[in-house]
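Right, one structure below, let's go through it.
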Amino acid sequence: SCDASQLCNCSSMGLEFIPPGLTAKITGLNLAHNRIKHIQSQDLQQAVNLKTLLLQSNEISSIDEDSFQSLEKLELLDLSNNSLAHLSPVWFGHLFSLQRLYLQGNSYRDLGQSSPFSRLRNLSSLHLGNPQFSVIRQGNFEGIEFLHKLWIDGSNLSQYEQGSLKSIKEINHMIINLRNSNIFSEIIRDLVHSVAWLEVAEIKLPVDRKSLVQNSTRPFRIQKLTFKEALFTDRSISPKIVSLKEITSLKEFQAINCVLEGTGIWNTKEIEKSGQSFIETITITKLVIQKFHLFIDLGGMESQINKLKRLTITSSNVFMVPCNLARNFSSLLYLDFHDNLLVNKRLEETICERSWPSLQTLNLSQNSLKSLELTVKSISHLPKLNNLDISLNNFGEIPDECKWPEHLKYLNLSSTQIPEVTSCIPRTLEVLDVSGNNLKEFGLQLPLLKELYLTRNQLKTLPGAAPIPNLVSLSVRRNKLNSFSKEEFESFRRMELLDASDNNFICSCEFLSFVHHEARLVQVLVGWPDRYVCDSPLAVRGAQVGAVHLSLMECHRSLVVSLICVLVFLVILLLVAVGYKYHVVWYLRMTWAWLQAKRKPKRAPPKDVCYDAFVSYSENDSEWVENTMVQELEQACPPFRLCLHKRDFVPGKWIVDNIIDSIEKSRKTLFVLSEHFVQSEWCKYELDFSHFRLFDENNDAAILILLEPIQSKAIPKRFCKLRKIMNTKTYLEWPAGEQQQQVFWENLKGALKS
């Protein structure tokens, strides 16, 4: 149960004795909340480097005298809330390094006849006492010269020997629970020269008029006096005010959770006669006055308040300060009436003309003010005011124009239900808080503003920077902010702190890119990165903004789509180029022609055969075909019927259909081959169909006429079967001589008749 620094936690383990085997390595040991009853000599003998020993909330009733003898390095010892019936000076005799000692909550009734702490020269914090503790004797604190904090539970203290606490030269802060009011004055007299801050709890102030500084010489050290859960009465207030004025060093008075029985009927003449008060700060918190509505105006106290500089009365049902009394707070700089019952009508009396002439800071938050216009009218009577808090009042409306104190720099209008911000807000402000008002926009011209708080509103964007050029700190926490851009951020040239946490951020690519690459942003953002969380996209909801990285597709969708389109276009272009080079288009056309032909009968019915031959030729060879071959064949006896595309194709019909129909309606197909034929696009269509339709049937429907010498290599490779036929079958060649031409015609006519 020991960590790296050798702090061992054995608390709440049901131990009935200190565990054996403790070594010199241990520096801290927590044995709190166990059932240890006795500490023996050898229990801690080896723990010579122990600095912290926590034994509170056990059942310790006895300790061997030399139990702590080896703990010379011990700095903190907690024996509180045990069953020790007495304290022995021997226990602490070798604890030369001890700084904090907690002994409260045991059952001892006194500290013995001498001082248990005489050897504790380094002690700075001492807690002692319990409900049975009843006696403090002279010499009980001998040996202690300085304490940072002394806490005594003397709730049932009945006997205090004068001078018992005088031996301590300096105490920064002393707290004592004291119900016996008879010994209050004796304790005060012993402490005025040593204590800086005295806190007294649970006391009922006596009515006696004993002097608190009787036979004491100046200078006094006590500067602050606090009463907690004390009971005051009208009868005890006056003599205590008089006696406290004798402590000329006393500058601050506090009353917390106290009760005042009375209605303010004090002996003001006696108070005034005793002279001027030296107290500069009064703080009263949660003072209960049963009949506060009957409390009088404290007339006659005017002379006691003109040196007061700070006055705080909170949660105490204050509903008014009389105008005459308010005008006598001539030196007051700070006034806090938070959480009281002030209304606008009573505020006019409280802050009347020439009242609070030096006031610089005023807190009227959480009262019952309803009209901002009337509130501003009252506050305008405070010429030196520069700090005003009127938050947590239900104003509901804000006027268009207001007249404020001309030096006002700090204004808190948070949670006041104002629906918008108008020119009522003074241009002199350096700090403005309008949080919690459901504002949807902020566009005020405030050239001097340095800090702006817009928490808990409905803003969707950052406010414009141009109207607030000197802004240093901005809070837009818990708004409806989805994101903010680099331009918006950089427009605030002097921004040092930006709190945009707890918003529902849309983690778009632009926003994430800005966040990840703007180095200054991380230094400026408050709560980064824990309180900046993505709300969308759904895939990253709940993730910290700084940890989210979207993919290239998510961030550059349009670019990726554009690249894909370009790639598709390039692929298509490549396919077109490859198709052109390898005649893919030709193969597609052939496939289409083949499919067309497949849907028709392989041979046309005899009644549909109209021609003896379909002549396929190039336009460049038309003179020989039309003037020579056609005349020779069609004027023969009997004449042959030839199909020529110029003469016999059906006008308006698709040319491919014309070719297919003409070939199917002819018994033979006559190809007039030449160099022009190979290059002719029309001849390609005609030859394409015959390539599928006729050559695949292995018949002699095709007749080849070689009009001029042509090598089979000159025929395009895609006409593979034509090349094969020319290599394997005979064809007719047009001869140059007339005698051979006659033979040529005879052979051709014989082929057409076959």
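If you're matching positions, the sequence shown starts at 743 in this note's numbering and goes up one per residue. Using N, Cα and C, we set each Cβ at its ideal position, and we do this for glycine too. These numbers come from a predicted model, not from an experiment.
Look at N914 here: in three-state DSSP terms it is strand. Here C1276 is buried: its Cβ has 16 or more other Cβ atoms, across all protein chains shown, within 10 Å. Boundaries cannot be given for T1005, as no beta strand (DSSP E) includes it and DSSP labels it neither H nor E. The alpha-carbon of L1316 is positioned some 12 Å away from that of V1326.
Taking N1246 as reference, the option from R1262, L1213, T1203, F926 with the minimal CA-CA separation is T1203. A distance below 7 Å between beta-carbons, with the five flanking residues on each side excluded, links S953 to the following residues of its chain, in chain order: S985, E988. Assigned with DSSP and collapsed to three states, E1148 falls in coil, not helix or strand. Residue ranges of uninterrupted beta strand (DSSP E) with 3 or more members, entirely inside the segment 786–822 and ordered along the chain, are 794–796, 818–820.
Fewer than three Cβ pairs drawn from the segment 956–968 and the segment 898–908 lie within less than 8 Å of each other, which leaves the two stretches out of contact.
Taken in chain order, the complete beta strand (DSSP E) segments of 3 or more residues contained in the segment 839–915 are 842–844, 867–871, 888–896. Counting along the chain, the unbroken beta strand (DSSP E) around D1078 starts and ends at 1076–1078.
In this model, E801 and I778 are separated by some 6 Å (Cα to Cα). Here DSSP, grouped into helix, strand and coil, assigns R1262 to helix. Fewer than three beta-carbon pairs drawn from the segment 851–858 and the segment 808–818 are found closer than 8 Å, and the two stretches are therefore not classed as touching. For S1278, the enclosing beta strand (DSSP E) starts and ends at 1275–1278.
By the Cβ neighbour-count rule, P1205 is buried, with 16 or more other Cβ atoms within 10 Å of its own. Burial check for I1314: the Cβ neighbour count within 10 Å stays below 16, so the residue is exposed.
The DSSP-derived three-state label of T1023 is strand. From the listed residues F1256, G1479, L1415, F1419, the smallest Cα separation to L1448 is found for L1415. Distance check between N776 and each of I1093, T1158, T794, N751 places N751 closest, using alpha-carbon atoms only.
With a minimum length of 3 residues, the unbroken runs of beta strand (DSSP E) contained wholly in the segment 1050–1098 fall at 1052–1056, 1076–1078. Going by C-alpha positions, N1362 is about 6 Å away from H1418.
For F1413, the enclosing beta strand (DSSP E) begins and ends at 1408–1415. The beta-bridge partner set that DSSP reports for G770 consists of L749, T794.
The beta carbon of L892 sits closer than 6 Å to the beta carbons of L868, I913, M916 from its chain, once the five residues preceding and following it are set aside; these are given in chain order. Only residues of its own chain outside the window of five on either side were considered, and among them E1091, T1092, C1094, S1097 have a CB closer than 8 Å to the CB of C1065, listed in chain order. The beta carbon of N882 lies closer than 7 Å to those of L853, S857, S906 in the same chain, with the five residues before and after it left out. If you draw a straight line from the Cα of C1249 to the Cα of T765, it comes to about 56 Å. Residue state for W1270 is assigned as coil, using DSSP reduced to three classes.
By the Cβ test, the segment 1302–1314 is not in contact with the segment 1364–1382, since fewer than three Cβ pairs between them sit closer than 8 Å. DSSP, reduced to helix, strand and coil, places I1031 within a strand of the structure shown. About 19 Å separates the beta carbon of F1020 from that of L1040, a gap too long to meet the 8 Å contact definition.
DSSP places E1193 in the strand class (E or B) of the three-state scheme. Closest in alpha carbon position to K1015, among N999, I886, Y1359, G1042, is G1042. L1111 is not a Cβ neighbour of N1082, given a cutoff of 8 Å.
Taking the Cα positions, E1183 is about 43 Å away from F1034.
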